[in-house]
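Here is the structure we will look at.
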Amino acid sequence: MYATKPSEWAQGSRAEIRAIVTHAFNVDKEGEISRAGIYSLLRLDIADARWEQAMAAIRDAMRVVGSKTYIRCYRRPAPDADWKPITVDLAKAGT
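Quick note, the sequence shown lines up with residues 1318 to 1412 if you use our numbering.
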């Protein structure tokens, strides 16, 4: 889909930009690309048609695979006491 190779795009670019992109696409210990690194690329404001095309491709490839809802409960023994978090272990609730 994109005819430009990463090495071609990097030619003539500043070393800082090459380092940022290389860091974003480094894989972690499990062999996965760092999402935080990719998101950091999307926040960069670079006025270059090839960069904008690459960021559009990254946005198009992003998919939400799930979400979670969390509920936090607190209690306090007296109206003037500090709130204390209540830990609920649902895995042990049925035992």
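Note that the Cβ used here is the ideal one computed from N, Cα and C, for glycine as well.
Straight-line gap, Arg-1367 to Leu-1361 (C-alpha atoms, nearest Å): By 1-based counting over the sequence shown, the position of residue 1367 is 50. By 1-based counting over the sequence shown, the position of residue 1361 is 44. Cα to Cα, Arg-1367 sits roughly 14 Å from Leu-1361.
Less than 8 Å between the CB atoms is what I'm expecting for Ser-1351 and Ala-1341, so what's the real figure, rounded? Here residue 1351 corresponds to residue number 34 of the sequence shown, with the count starting at 1. Here residue 1341 corresponds to residue number 24 of the sequence shown, with the count starting at 1. Between Ala-1341 and Ser-1351 the Cβ distance is about 7 Å, and since that is below 8 Å, they are a contact.
Cβ pair Leu-1358, Met-1372 closer than 8 Å: Translated into the one-based positions of the sequence shown, residue 1358 becomes position 41. Translated into the one-based positions of the sequence shown, residue 1372 becomes position 55. Yes; because the gap between Cβ atoms is below 8 Å, this pair is in contact.
Measuring only the C-alpha atoms, how far is Ala-1320 from Val-1381? To locate residue 1320, count along the sequence shown from 1; it is residue 3. To locate residue 1381, count along the sequence shown from 1; it is residue 64. At Ala-1320, the pLDDT of 48 sits below 50, so the modelled position is not reliable; the number obtained from the coordinates is stated separately. Taking the straight line joining both Cα atoms gives about 28 Å.
Just the Cα atoms here: how many angstroms apart are Ile-1363 and Gln-1370? Taking the sequence shown and counting its residues from 1, one reaches residue 1363 at position 46. Taking the sequence shown and counting its residues from 1, one reaches residue 1370 at position 53. Between Ile-1363 and Gln-1370, the C-alpha separation is close to 11 Å.
Within 10 angstroms of the Cβ of Val-1338, are there 16 or more other Cβ atoms? Answer buried if so, exposed if not. To locate residue 1338, count along the sequence shown from 1; it is residue 21. Buried, because 16 or more other Cβ atoms sit within 10 Å of the Cβ of Val-1338.
Inspect the beta-carbon positions of Ile-1375 and Ile-1355 and report whether they are closer than 8 Å. As a working note, residue 1375 is residue 58 in the sequence shown. As a working note, residue 1355 is residue 38 in the sequence shown. A contact, by the Cβ cut-off of 8 Å.
Enclosing alpha helix (DSSP H) for Arg-1367 [first to last residue]: Mapped onto the sequence shown, residue 1367 falls at position 50. Segment 1366–1378, the alpha helix (DSSP H) holding Arg-1367.
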